[in-house]
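Structure first, commentary second.
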Amino acid sequence: MRRTISLFNTLTRRVEPVVPVIEGQISLYTCGPTVYNYAHIGNLRTFLFQDLLKRTFAAGGHQVMHCMNITDVEDKIIRDSQGGLSADAPNEARHAAMKALTERFTAIFLEDLETLRVRPADHLPRATHYIPQMIRLVQNLEARGLAYAREGSVYYRIANLPQYGCLAHLDREGMQAGASVDADEYERDAISDFVLWKGAKPGEPWWDSPWGQGRPGWHIECSAMGMELLGERVDIHSGGVDLIFPHHENEIAQSEGCLGHRWVNHWVHGEFLMVEGQKMAKSLGNFFTLRDLVAKGVDPIALRYAIQSNHYRKVLNFSFEGLRAAENALKRIRAFRKRMEGEGQAGGGPWKEQLDPMARLEQAREAFWAAMADDLNTPEALAAIFTLINDLNAMDDHVALTREERGAVLAFLDESDAIFAAWPHETENLDAEVEALIDARRAAKAAKNWAEADRVRDQLKAMGIVLEDRKDGSTGWRRA
RNA sequence: GGCGCCGUAGCCAAGUGGUAAGGCCCGGGACUGCAAAUCCCGUAUGCAUCGGUUCGACUCCGAUCGGCGCCUCCA
């Protein structure tokens, strides 16, 4: 079944249903990283949000075509890669140095995504592989009178595009009042005009172009690659809130200036992340990469859950306490999953209400989807899962769910895990040593040798295996 | 200065005109040889503050206080 999903559209500032250009297919462009250093958890929040977005559409029965750019030419990349080169180094050497840096950090970035179970995009275009498309786009804008060349650089003439500012909801006067521009750097007609193609300065890598040696501006790659790989009408384009202006506003100017019609229907932006109530900054000592956290013993999937369990349009306050809460919440869901995979009847005590498990399950499924379809309301979607767990645990303590009912519950856990990627079915087998210890404890218990039984249980615990005795005398186990 | 967002229990967090979801933590009880897991009970007379609109407001309006973002290359 295909579900209609609504998202907050930055263009209209309203939550609107996403109606794809082609029924059942979603074209998604997400702004990727500039690969000159490790991604920090703030960056990763945005990529996790985009993964949530994509997985929700996929789980909702849509086919998603996802394109994420890798920015591998940019000021900071040049700054960090050209240091070891002499002033008269040939262009080839400059490109090679740049490539060495960007390939290294691209690989690291993709590893980080894999660690967080972020699904790779269908297209991961590198900006440097699309220089000809960018040049053609700039030429096109030039031909339409929307761009002009100055001293080897090309600029966009904002004045000729009346809708400029529609995404960021900025008016021209407001922009100019607040503008703080390094005026010495470029020779622009208007202060708000932005650069499409940058003429090369000494010491910078360059490409040949109709305007001489130079390199692309920041925004042009997304327009060129997005149109090349996803086409002239894109369903969803997303990124962090900081990209609304100027990056996405300028993308609209470039693409729509060239196409002559609306390019992207739905613009979706993820909020920022703070750390322990403060802005993340190296100077505050609260700047973390994924690898920093993993080195501290943090489970990457707990980080994934901690981030996904907050709404994407709200500032997220990352904390180690929150991470602990996430770990414990996950334990509960995973324990429930394991229970549903087993036979049931684990607890006891009073029971407040009889219920129909299948009806209760359907109710939870609909609540889950209603929440996800309403602008990815993950806190509410998770609440639907937890209340289901409460009710079915209570039921199962007294009247064991049937195999069929368990199967249906597991199907729902799979369905929700297709989005959250945090409580999958685990197929691990116990090794012979652990099996033998469990048997030894069983024998000790049968002999009422409690001291020995406890000793073996402690030994297993030290190995990371926690035992759970069931009502019927059997013993379950799980990883600590 | 311009535009905009946020302030709900110890922590995280949904709800946004009809009387406070969910998670973590905490206390009591049940089950258990003891645990673990699980269940039951309890934990905000109140949603930053002060006014207003309304039969009724956390939810709408106004003001105030506090925190944050964007206003040209930052996810």
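Residue numbers (my numbering): 198 to 677. No residue lacks a Cβ here, since even glycine has one placed at the ideal position from N, Cα and C. On a predicted model such as this, the values are computed, not experimentally measured, just so you know.
To the nearest angstrom, how far is it from the Cα of residue i to the Cα of residue j?
i	j	result
residue 663	residue 638	13 Å
residue 382	residue 447	Its pLDDT being 49, under 50, residue 382 is placed unreliably in this model, and the value from its coordinates should be taken loosely. Those two C-alpha atoms are separated by around 19 Å.
residue 323	residue 628	45 Å
residue 493	residue 338	50 Å
residue 496	residue 503	11 Å
residue 622	residue 600	16 Å
residue 636	residue 583	34 Å
residue 602	residue 612	15 Å
residue 297	residue 273	14 Å
residue 557	residue 412	59 Å
Between residue i and residue j, is the Cβ-Cβ spacing less than 9 Å?
i	j	result
residue 531	residue 675	yes
residue 332	residue 406	yes
residue 403	residue 291	yes
residue 486	residue 309	yes
residue 468	residue 436	no
residue 610	residue 537	yes
residue 203	residue 218	no
residue 325	residue 233	no
residue 508	residue 574	yes
residue 221	residue 259	yes
residue 442	residue 364	yes
residue 235	residue 534	no
residue 301	residue 248	no
residue 424	residue 481	no
residue 452	residue 395	no
residue 499	residue 478	no
residue 434	residue 225	yes
residue 616	residue 256	yes
residue 445	residue 207	yes
Can you tell me whether residue i is helix, strand or coil according to DSSP?
i	result
residue 267	strand
residue 404	strand
residue 206	strand
residue 326	helix
residue 666	strand
residue 647	helix
residue 622	coil
residue 376	Here residue 376 scores only 43 on pLDDT, less than 50, and its place in the model is too uncertain to base an answer on.
residue 341	coil
residue 519	helix
residue 316	coil
residue 223	strand
residue 602	helix
residue 211	strand
With a CB to CB cut of under 8 Å and the five nearest residues on each side skipped, what residues in its chain are close to residue i?
i	result
residue 552	588 and 592
residue 199	221, 257, 258 and 259
Excluding the five sequence neighbours on either side, which residues of its own chain have a C-beta within less than 7 Å of the C-beta of residue i, listed in chain order?
i	result
residue 358	343, 450 and 454
residue 539	673
residue 427	224, 226, 262 and 264
Excluding sequence positions up to five away, which residues of its chain have a Cβ less than 6 Å from the Cβ of residue i?
i	result
residue 391	353 and 447
residue 243	437 and 467
residue 665	673
Point to revise | Ranges of the alpha helix (DSSP H) found wholly within the stretch 431 to 498, counting only runs of at least 4 | key: Within the stretch 431 to 498, the runs of alpha helix (DSSP H) at least 4 residues long that lie entirely inside it are, in chain order, 446 to 456 and 487 to 492.
**Study point:** Completely contained alpha helix (DSSP H) runs for the stretch 552 to 595, where each covers 4 or more residues
**Key:** Entirely contained in the stretch 552 to 595, the alpha helix (DSSP H) runs reaching 4 residues are, in chain order, 554 to 570 and 575 to 595.
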